[in-house]
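In what follows, a single structure is set out as structure tokens and then discussed.
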Amino acid sequence: MKKVLVIVGPTASGKSDLAVKLARKLGGEIISADSRQVYKGLDIGTGKITRAEMKGVPHHMLDVADPRKQFSASQFKKMAQEELGYIEKRGKLPIIVGGTGFYIDALTGATHLPEVPPNKKLREKLGTKTNAALFKILERKDPKCAKRIDANNKVRLIRALEIVKALGKVPVLKNETSNKFIYIGLNPKDLKGRIERRVRKMFKSGLSNEVRKLKRLGITNKRFKQLGFEYFNPTPESVTRGTNNYAKRQMTWFKRNRKITWYASASAAYEATARLLGGAKRPRSRR
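Structure representation (structure tokens):
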């Protein structure tokens, strides 16, 4: 059975660097599973890997969507499945890496995406409410779903309530993924320090300018919140606080998956995974 490596973990944990290192070692290509990095122009604020950092390793599912338009998990799943198939046909190792648990679960088959059609009237009604108000409604109607959802992602909150209205509740993760998927997770002990360093780097790299460019494109404060960003006028303090909260929500999601083998350091994860998958002879990635 062909294997697929899945690397998960909170933001700033070092997933991208580890994925590149393993891809170069094992002859792999990377599929990004990040609900923010799919958007063009959201680079610095999402910690998107740069061309230089890719080190010649092919990356897929980055910059595939317009930030002014919604991009659903279903759209991601369809596109990413196609990319995964192409990678396997080329004889390469697919490596899925990202911090969006819902995207990863959709792609690996660990969760079911309900075929509930959009409810325009309900969406318009819920769209006038704040994220906090929507989350309270979801807590009341489907507390289990509320525990695993990103409380700051308005699009997902509204979609969850849309599904609840149609089905009574949002289907729970069945954890029935194929054995072809090998999960490893990074959760470094110094995550808070890593986040602080990343935020400093983001501002030095021009985060404020990036936000201004997005505003000129027509990205409103409302749309920023829909994209899961808590800052329309970013400051180091607000971004650090928001990123720490986001990392906690990511870990809450990932902890439900018992198939993930967790590592506190990227070096330990690299050595263990290289030993596990190193026996398979694959063509080296083009550089």
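Residue numbers (my numbering): 1 to 287.
Here a beta-carbon is modelled for each residue, glycine too, at the ideal position from N, C-alpha and C.
Looking only at K201, I158, V116, the smallest Cα-Cα distance to L167 is reached by V116.
Separation of the CB atoms of P58 and E29 is rounded to 4 Å, and the pair is thereby assigned contact status at 8 Å. Closest in alpha carbon position to P188, among A269, K180, A132, C145, is A269.
If you check the CB distance, R123 and G218 do not come in under 7 Å.
Annotated three-state conformation of F135 is helix, per DSSP. As the crow flies, the alpha-carbon of E139 is around 45 Å from that of K25.
Between V38 and V64, the gap from beta carbon to beta carbon is short of 7 Å. The three-state secondary structure of G185, taken from DSSP, is strand. For P94, the enclosing beta strand (DSSP E) has its first and last residue at 93 to 98. The beta strand (DSSP E) runs lying completely inside the region 217 to 273 and spanning 3 residues or more are 261 to 263, given in chain order. With 16 or more other CB atoms across the displayed protein chains lying within 10 angstroms of its CB, E162 is buried.
The closest CA to that of I260, considering only K55, V20, G27, T108, is found on T108.
Taking every protein chain shown into account, the CB of A274 has fewer than 16 other CB atoms within 10 angstroms, so this residue is exposed. DSSP places S32 in the uninterrupted beta strand (DSSP E) bounded by 28 to 32. In the structure shown, A73 falls within a helical segment according to DSSP collapsed to helix, strand and coil. With contact defined as three or more Cβ pairs closer than 8 Å, the region 150 to 159 and the region 126 to 137 are in contact. V239 and A106 have their C-alpha atoms spaced approximately 28 Å apart. The beta carbon of R249 sits closer than 6 Å to the beta carbons of D150 from its chain, once the five residues preceding and following it are set aside; these are given in chain order. With fewer than 16 other beta carbons inside 10 angstroms of its own, A272 counts as exposed. For K192, the closest of A12, V6, K2, V8 by C-alpha to C-alpha distance is A12.
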